[in-house]
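Undergrad:
Number of protein chains: 2
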Amino acid sequence: MKKLINKPGDEVKEMIEGMALAFPQIVRKDPKWNNLYRRESPIPGKVSLVSGGGSGHEPAHGGYVGKGMLDAACAGETFTSPTVPQIFDAIKAVASDAGVLVIIKNFAGDVMNFQTAAKMARAQGIKTDWVIVNDDVAIPEPAKRRGIAGTVFVHKCAGAAAEELLPLEEVKRVAQKVIDNVRSMSVALTPCVVPKAGKPTFELGPDEMEVGIGIHGEKGVERRKLMTANEIAELLCSRIIEDLKLDKGEEVAVIVQGNGGTPYMEKFIVYRRVHQFLTEKGIKIAVAWVGEFMTSLEMAGTSVTLLRVDEELKRYLNAPAETIAIHTPGPVTS
Amino acid sequence: MKKLINKPGDEVKEMIEGMALAFPQIVRKDPKWNNLYRRESPIPGKVSLVSGGGSGHEPAHGGYVGKGMLDAACAGETFTSPTVPQIFDAIKAVASDAGVLVIIKNFAGDVMNFQTAAKMARAQGIKTDWVIVNDDVAIPEPAKRRGIAGTVFVHKCAGAAAEELLPLEEVKRVAQKVIDNVRSMSVALTPCVVPKAGKPTFELGPDEMEVGIGIHGEKGVERRKLMTANEIAELLCSRIIEDLKLDKGEEVAVIVQGNGGTPYMEKFIVYRRVHQFLTEKGIKIAVAWVGEFMTSLEMAGTSVTLLRVDEELKRYLNAPAETIAIHTPGPVTS
Chain A
16 MKKLINKPGD
26 EVKEMIEGMA
36 LAFPQIVRKD
46 PKWNNLYRRE
56 SPIPGKVSLV
66 SGGGSGHEPA
76 HGGYVGKGML
86 DAACAGETFT
96 SPTVPQIFDA
106 IKAVASDAGV
116 LVIIKNFAGD
126 VMNFQTAAKM
136 ARAQGIKTDW
146 VIVNDDVAIP
156 EPAKRRGIAG
166 TVFVHKCAGA
176 AAEELLPLEE
186 VKRVAQKVID
196 NVRSMSVALT
206 PCVVPKAGKP
216 TFELGPDEME
226 VGIGIHGEKG
236 VERRKLMTAN
246 EIAELLCSRI
256 IEDLKLDKGE
266 EVAVIVQGNG
276 GTPYMEKFIV
286 YRRVHQFLTE
296 KGIKIAVAWV
306 GEFMTSLEMA
316 GTSVTLLRVD
326 EELKRYLNAP
336 AETIAIHTPG
346 PVTS
Chain B
16 MKKLINKPGD
26 EVKEMIEGMA
36 LAFPQIVRKD
46 PKWNNLYRRE
56 SPIPGKVSLV
66 SGGGSGHEPA
76 HGGYVGKGML
86 DAACAGETFT
96 SPTVPQIFDA
106 IKAVASDAGV
116 LVIIKNFAGD
126 VMNFQTAAKM
136 ARAQGIKTDW
146 VIVNDDVAIP
156 EPAKRRGIAG
166 TVFVHKCAGA
176 AAEELLPLEE
186 VKRVAQKVID
196 NVRSMSVALT
206 PCVVPKAGKP
216 TFELGPDEME
226 VGIGIHGEKG
236 VERRKLMTAN
246 EIAELLCSRI
256 IEDLKLDKGE
266 EVAVIVQGNG
276 GTPYMEKFIV
286 YRRVHQFLTE
296 KGIKIAVAWV
306 GEFMTSLEMA
316 GTSVTLLRVD
326 EELKRYLNAP
336 AETIAIHTPG
346 PVTS
């Protein structure tokens, strides 16, 4: 295992400290937990957004704390959900009079812990609701679909709605609208190494790839011979277009990311074919994000996310955001 | 070789096409060359900045084209200087009445080709000057030092000065002031693979690292046993502080990057110790950039850059920029 760390098991604490040291104008760290809070939260009248999950998905989720996106991000140990008391404390730390929306990725541990914490907050009189993101079309049954890179579009749009001081019900409606219209799919060219485990999450031959992976270094739903960038772009787009029933004339926002270990050169080569392929199908690209958004440690690979957008979602995607990883308006290469 | 490409040799053309497709609001592609130009350049009265170099350093250099930074970036083939006619055409494409400043990294091929093109532009009556960046302290003799990640601070500050419509002499003065006060040093945990070569640029044992590498996948000046993130941060900072003769009470801007293949978790762990170490020495951090800025394909590793800043340079670092990879004001995690 070759990693720029100190001691396996210390990586999350030290990373969160590093983020807080680098960007004190944006975030503050909870004195007890690996939680990052927007410096000025809670903001009276503004719904507070809370998200998080296991670490290893950076810049998710701490990178999205700030104006126009999240008020709190809870970082669990690598690929492990944050605990109920940790999430509960995050909700209490940022809860405003307008209430709290919790954005949960559809993984068993996250759903259990975030929902439990949200219910505890409700029991304490904090107006709290939640949404569950399940954008991964690699899994056939929607209820079992994992929450992956599309989650960042939920943070962005719900965050922009909250910034406009919409009530909790409306912020939740916007979040759910994104969830209903966003799909992602991912491939891996390499596994990754969880620091405490010290060995790769799976073995893969030099000419093989995993198709339909999650974000925890797990194998995909299918192993294939390595394909070209163009073939991979077409495969991922085709599956998403079919699932979303995207039609000619519709508009989308796109995320192309590298899963943590793939450099910008390759991400832009993938984006090129995604753009061409959508254009050939008569689908218009309203917003393009190319970078790292919801990763799996140092895994090489790529994921494509498409969000069907209308004027409302386009406005929220382009609304101002000032976080560690995303600044809009302007292009986004987190 | 596991890469998201199509055919080795096509990677640069396709990447540049991808960048232009993703961010048409920022850049336009030269119809003939792998050059990206700021969409609205040339801008009357504004000095135009031209830079570039071999590809494989993304987001450099195309990612820095846009408001507040470059007017043109020339992309050579992977790790190969762009050609003289290509650079000459870029200068002509963006030259304004205020003139052109060419920002060259100190590599033999780049210096020869960019200087030759600049002299050809002068011969055609275009007011043209240049600076050469040599921030790599791994090399003892300053004249032989390579231009690495510190180059991006030159783009940022000179770009901000040009945006204020300062004359060419002043923009050059700002660029040279950054060069005189910026130093970088880098380590590699893995080699990288140039697509056309198809094999790693060097071999490295599972517990070894290269110290003092350039940005072309070359070996470092020294091979060492793998060190912890903290030890690496201290080693790199110490060498730079000594070379820059940084004193207690001075202020710096910092870049911590991952060299292309190192994920955000590790970059923030390195940043944490850089921040602590500088603070222990009484050096204040005015600006922190954490991300990918001047990389070596998929190489894992990290580089640290320190720039001694005063009020003028801080103002230029924080001035507005709207490029593919850098948006300020705000934090920067390209």
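Going line by line, the protein sequences match chains A and B.
Going by my numbering, the first sequence wraps up at 349, each residue one higher than the last.
Going by my numbering, the second sequence wraps up at 349, each residue one higher than the last.
For glycine and all other residues, C-beta sits at the position ideal for the given N, C-alpha and C.
So, does the CB of A:T310 fall closer than 8 Å to a CB anywhere in chain B?
TA: Yes - at least one Cβ of chain B is within 8 Å of the one on A:T310.
Undergrad: Give the DSSP-derived three-state secondary structure of A:G174 in the structure shown.
TA: Reduced to three states, the DSSP call for A:G174 is helix.
Undergrad: Name the chain B residues that come within less than 7 Å of A:R137, Cβ to Cβ?
TA: What A:R137 touches in chain B: nothing, since even the nearest Cβ is about 33 Å away.
Undergrad: With a cut-off of 8 Å on the beta carbons, I'd call A:G81 and A:E307 a contact; round off their distance for me.
TA: Not really, about 17 Å apart at Cβ, beyond 8 Å.
Undergrad: Would you report the Cα separation of B:G114 and B:V189, rounded to the nearest angstrom?
TA: Cα-Cα distance, rounded: 15 Å.
Undergrad: Spell out whether any CB of chain B is found under 8 Å from the CB atom of A:Y331.
TA: Not one chain B Cβ lies under 8 Å of A:Y331.
Undergrad: Looking at the secondary structure, which residues open and close the beta strand (DSSP E) in which B:C89 lies?
TA: 87-93 is the extent of the beta strand (DSSP E) around B:C89.
Undergrad: Under 8 Å Cβ to Cβ from A:K329, same chain only, skipping five residues before and after it: list those, please.
TA: Excluding residues within five positions, the ones whose Cβ falls inside 8 Å are E266, A268, A301, V302.
Undergrad: Just to make sure I have the definition right: I need the residues of chain B whose C-beta is within less than 9 Å of the C-beta of A:S111. Which are they?
TA: Those within 9 Å of A:S111 in chain B number zero; the least Cβ separation is about 23 Å.
Undergrad: Just checking: is the beta-carbon of A:A315 within a distance shorter than 8 Å of some beta-carbon in chain B?
TA: It does; some Cβ of chain B falls within 8 Å.
Undergrad: Using a cut-off of 8 Å between C-beta atoms, extract the partners of A:S318 located in chain B.
TA: Going along chain B, no residue has its Cβ under 8 Å from A:S318, so there is no contact; the nearest lies around 11 Å.
Undergrad: Between A:N50 and A:G69, what straight-line distance do the alpha-carbon atoms span, to the nearest angstrom?
TA: The straight-line gap from Cα to Cα measures roughly 12 Å.
Undergrad: Going by C-alpha to C-alpha distance, which of B:G71, B:V126, B:G77, B:A75 sits closest to B:T93?
TA: Measuring from the Cα of B:T93, the nearest candidate turns out to be B:G71.
Undergrad: Under the three-state reduction of DSSP, which class applies to B:S96: helix, strand or coil?
TA: In this structure, B:S96 counts as coil in the three-state DSSP scheme.
Undergrad: Whole angstroms are fine: how far does the CA of A:K192 sit from the CA of A:D325?
TA: About 10 Å.
Undergrad: Compute the distance between the beta-carbons of B:E225 and B:K214, then report whether it is under 8 Å.
TA: No, they are not a contact pair.
Undergrad: To the nearest angstrom, how far is it from the Cα of A:G12 to the Cα of B:T343?
TA: What is shown of chain A runs 16 to 349, which leaves residue 12 of chain A out entirely.
Undergrad: Quick one: which residues of the stretch 268-292 of chain A get their C-beta closer than 7 Å to a C-beta of chain B? List them in chain order.
TA: Those would be G275, G276, T277, P278, Y279, M280, E281, F283, I284, V285, Y286, R287, H290, in chain order.
Undergrad: Tell me, to the nearest whole angstrom, how far the beta carbon of A:I247 is from that of A:T317; I am working on the premise that it is less than 8 Å.
TA: Confirmed, Cβ separation roughly 7 Å.
Undergrad: Report the residue ranges of all beta strand (DSSP E) runs contained in full by the stretch 238-279 of chain A; include only those spanning at least 3 residues, in chain order.
TA: Here the runs fully enclosed are 266-272.
Undergrad: Going by the beta-carbon positions, is the gap between B:K211 and A:L204 smaller than 8 Å?
TA: Not in contact: B:K211 and A:L204 (Cβ atoms no closer than 8 Å).
Undergrad: Taking Cβ-Cβ distances shorter than 8 Å, what residues in chain A pair up with B:E73?
TA: Here the neighbours are P278, Y279, M280, F283.
Undergrad: What residue does the beta strand (DSSP E) around B:N50 start on, and which one ends it?
TA: It spans 50-53 - the beta strand (DSSP E) in which B:N50 sits, taken as one unbroken run.
Undergrad: Within 10 Å of its beta-carbon, does B:K159 have 16 or more other beta-carbons around it, so buried, or fewer, so exposed?
TA: B:K159 is exposed by the Cβ-count criterion.
Undergrad: Taking 8 Å as the threshold (beta carbon to beta carbon), is A:F217 in contact with chain B?
TA: By this cut-off, A:F217 is not an interface position.
Undergrad: For B:M30, decide whether its Cβ has a neighbour in chain A, counting only Cβ atoms nearer than 8 Å.
TA: So yes, B:M30 belongs to the interface.
Undergrad: What is the C-beta distance between A:I392 and A:G77, in whole angstroms, given that I count them as a contact (C-beta under 8 Å)?
TA: Shown here, chain A extends from 16 to 349; a query on residue 392 of chain A therefore has no answer.
Undergrad: How is the alpha helix (DSSP H) around B:D354 delimited, first residue to last?
TA: In this structure chain B extends from 16 to 349, so residue 354 of chain B is not present and cannot be described.
Undergrad: Assess contact between the stretch 82-90 of chain B and the stretch 53-62 of chain B, defined as three or more Cβ pairs (one per stretch) separated by less than 8 Å. Is contact present?
TA: With a cut-off of 8 Å, the stretch 53-62 of chain B and the stretch 82-90 of chain B count as touching, because enough Cβ pairs lie within range.
Undergrad: So is B:I339 in contact with chain A if we call contact Cβ pairs under 8 Å?
TA: Taking Cβ atoms only, chain A reaches closer than 8 Å to B:I339, which makes this a yes.
Undergrad: CB B:S111 to CB B:G232, shorter than 8 Å?
TA: No, Cβ-Cβ distance for B:S111 and B:G232 is not below 8 Å.
Undergrad: Pull up the distance between the alpha-carbon of A:P359 and that of A:F292, whole angstroms please.
TA: The requested residue 359 of chain A does not occur in the structure, where chain A is confined to residues 16 to 349.
Undergrad: Which residue from A:V167, A:K120, A:V305 puts its Cα closest to that of A:S96?
TA: The shortest C-alpha separation from A:S96 is found at A:K120.
Undergrad: Along chain B, which residues have their Cβ under 7 Å away from the Cβ of A:M26?
TA: Just to set this straight, residue 26 of chain A is Glu in the shown sequence, not Met. Those within 7 Å of A:E26 in chain B are M280, I284.
Undergrad: Which one or two residues does DSSP pair with B:A372 in a beta bridge?
TA: Look at the range of chain B in this structure, 16 to 349, and you will see that residue 372 of chain B is not part of it.
Undergrad: Looking only at its own chain, which residues have a Cβ that is under 8 Å from the Cβ of B:T98, when we skip the five neighbours before and after it?
TA: Once the five neighbours on either side are set aside, the close Cβ partners of B:T98 are G91, N128.
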